[in-house]
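J.: In terms of this note's numbering, the sequence shown is residues 9 to 313.
Could you have a look at this structure, given as structure tokens, before my questions?
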Amino acid sequence: MIFKKISRYMALSSGDFAKIFKDFRVPSLPQVITRLLSLLHNPEASMEEVAALIELDPGLASQILKVVNSAFVGLPQPIKSLKQAASVLGLKKIESLAVSFGVLQVVKDPGAEGFDLSAFWTDSLLRALFARELAREMTLDQEETFLSALLQDVALPVLLTEWFDVYQRAYEGWRKRNEPLSRCEREILSWDHAQAGAWLARSWTLSDTIVCAIGLHVATPEEIEQLPFKVPVFSLVALSAQVPSVLEAQPRIEGLLRFAASFDFPRASIEEAARRARDIFLETASSFGLKVKAPLDLPQLMAEA
């Protein structure tokens, strides 16, 4: 398994996570999503079975069709049925959309001081669209890239909701210091939100690639290059993590550009992915039912840099 191989070379699973998180309540995905994941992991699953299961949840069915017919997918003709959607998109894209909707339902606003849920989803969606569009430019796996990037920081609101008594010191310490969150977490807790996010993803039975991409999104280019094998999704998600937050008073893009140069990502591809992500952001957010803020203008920030 990818996770086992990665854990030998990285601190992705440092310590005994079963003991570290034994008192951490992992929010359960909606039952229909859990059943859908089980069905999709069955190699004999049919399009008819998948469509029939999704139709049991009218809200999920409606949202999937809404996204399918949006700029996020960009089909030339509208899709009118779930069976048709599954046939055109493929099971992997359906799985990505279903998991996205499931997570959006279970992640709640923790109400912690300084945490802005709309800003959180603004940052997460922009980074996910940027990573996905870059994967498209480079003909890499778009679905695992999008879902990994969307969920890279999902542990933060969950920790603030379900484990605030343990996580509070690291969170409040980070708010007082001009340092990366993961550095403060490791100093105070010995683990970080990337590792906690990987634990969540494993609990939700997501793929090893997604689990590891979430766990490695705070890694440096040098750490990723030291891995014994190359998984492009890891680099794309770690790159997307360098996109500044919409809450930053003076967002700077130099870190993103330096990171991209370390992986030899073509500047033209970076700029095109940023432009496309900006152009489809608001429609995609609406299709997913997300309340968001105006996103950063990545192309403009790159031009200024």
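Glycine included, every Cβ here is placed at the ideal spot set by N, Cα and C.
1) Between the Cα of Phe267 and those of Pro307, Gln258, Arg284, Val245, spot the shortest distance and give me the residue it belongs to.
2) Rounded to whole angstroms, what is the Cα-Cα separation between Val162 and Phe289?
3) Indicate the three-state DSSP secondary structure (helix, strand or coil) for Met146 in the structure shown.
4) Can you tell me whether DSSP reads Gly119 as helix, strand or coil?
5) How do the segment 272-279 and the segment 159-173 stand: do at least 3 beta-carbon pairs fall below 8 Å, yes or no?
6) Whole angstroms are fine: how far does the CA of Ala227 sit from the CA of Pro303?
7) Excluding sequence positions up to five away, which residues of its chain have a Cβ less than 6 Å from the Cβ of Thr292?
8) Taking Arg266 as part of the alpha helix (DSSP H), name the residues at either end of that continuous run.
9) Cβ atoms of Arg144 and Arg283: under 9 Å apart, would you say?
10) Of the choices Lys91, Leu159, Ser126, whose alpha-carbon is the least far from that of Ile62?
11) To the nearest angstrom, how far is it from the Cα of Cys220 to the Cα of Asp272?
12) For a minimum of 3 consecutive residues, which ranges assigned as the beta strand (DSSP E) are wholly contained in the segment 155-219?
13) Between which two residues does the alpha helix (DSSP H) holding Leu290 run?
14) Rounded to whole angstroms, what is the Cα-Cα separation between Gln308 and Asp117?
15) Considering only C-alpha positions, which residue in the set Asp216, Val58, Trp182, Ala281 is nearest to Lys101?
16) Please look up how many angstroms separate the CB atoms of Leu44 and Ala106, rounded, as I've assumed it's under 8 Å.
17) By Cβ distance below 8 Å, which residues in the same chain neighbour His49 in space, the five residues on each side in sequence not counted?
18) Output the residue ranges of the beta strand (DSSP E) runs that lie fully inside the segment 46-126 and measure 3 residues or longer, sorted by chain position.
19) Going along the chain, which residues of its own chain have a beta-carbon closer than 6 Å to the beta-carbon of Ala157, five neighbours each way excluded?
20) When you compare the CB positions of Val251 and Asp149, do they come within less than 9 Å of one another, or not?
T.: In short:
1) On the sequence shown, residue 267 is found 259 positions in, with the first residue counted as 1. Here the closest residue by C-alpha is Val245.
2) By one-based count along the sequence shown, residue 162 stands at place 154. By one-based count along the sequence shown, residue 289 stands at place 281. For Val162 and Phe289, the distance between alpha carbons rounds to 19 Å.
3) If you number the sequence shown from 1, residue 146 lands on position 138. The answer is coil: DSSP assigns Met146 none of H, G, I, E or B.
4) Walking along the sequence shown from the start, residue 119 turns up at place 111. Gly119 falls in the coil class under three-state DSSP.
5) Short answer: they don't touch.
6) Along the sequence shown, one-based indexing puts residue 303 at 295. Along the sequence shown, one-based indexing puts residue 227 at 219. Each residue's alpha carbon lies about 25 Å from the other.
7) For this step, residue 292 is matched to residue 284 along the sequence shown. Sequence-distant partners of Thr292 (beyond 5 residues in either direction) whose C-beta falls short of 6 Å from its own C-beta, in its chain, are Phe80.
8) Taking the sequence shown and counting its residues from 1, one reaches residue 266 at position 258. That run of the alpha helix (DSSP H) goes 262-270.
9) Indexing the sequence shown from 1 puts residue 283 at position 275. Indexing the sequence shown from 1 puts residue 144 at position 136. Result no, Cβ atoms of Arg283 and Arg144 do not sit closer than 9 Å.
10) In the sequence shown, counting from the first residue as 1, residue 62 sits at position 54. Ile62 has its Cα closest to that of Lys91, out of Lys91, Leu159, Ser126.
11) As a working note, residue 220 is residue 212 in the sequence shown. As a working note, residue 272 is residue 264 in the sequence shown. Each residue's alpha carbon lies about 22 Å from the other.
12) none
13) As a first step, residue 290 is located in the sequence shown; it is residue number 282 there, counting from the start. Looking at the DSSP string, the run of the alpha helix (DSSP H) that includes Leu290 is 275-296.
14) Stepping through the sequence shown from its first residue, residue 308 is reached at position 300. Stepping through the sequence shown from its first residue, residue 117 is reached at position 109. Whole-angstrom Cα-Cα distance: 31 Å.
15) By one-based count along the sequence shown, residue 101 stands at place 93. Per the Cα distances, Val58.
16) Indexing the sequence shown from 1 puts residue 44 at position 36. Indexing the sequence shown from 1 puts residue 106 at position 98. Contact flag correct, Cβ pair sits at about 5 Å.
17) On the sequence shown, position 41 is the one that residue 49 refers to. The residues are Thr213.
18) none
19) Residue numbering aside, residue 157 sits at position 149 when the sequence shown is read from its first letter. Hits under 6 Å: Arg135, Ala136, Ala139, Val245, Ser248.
20) Counting from 1 along the sequence shown, the entry for residue 251 is found at position 243. Counting from 1 along the sequence shown, the entry for residue 149 is found at position 141. The answer is no: Cβ separation not under 9 Å.
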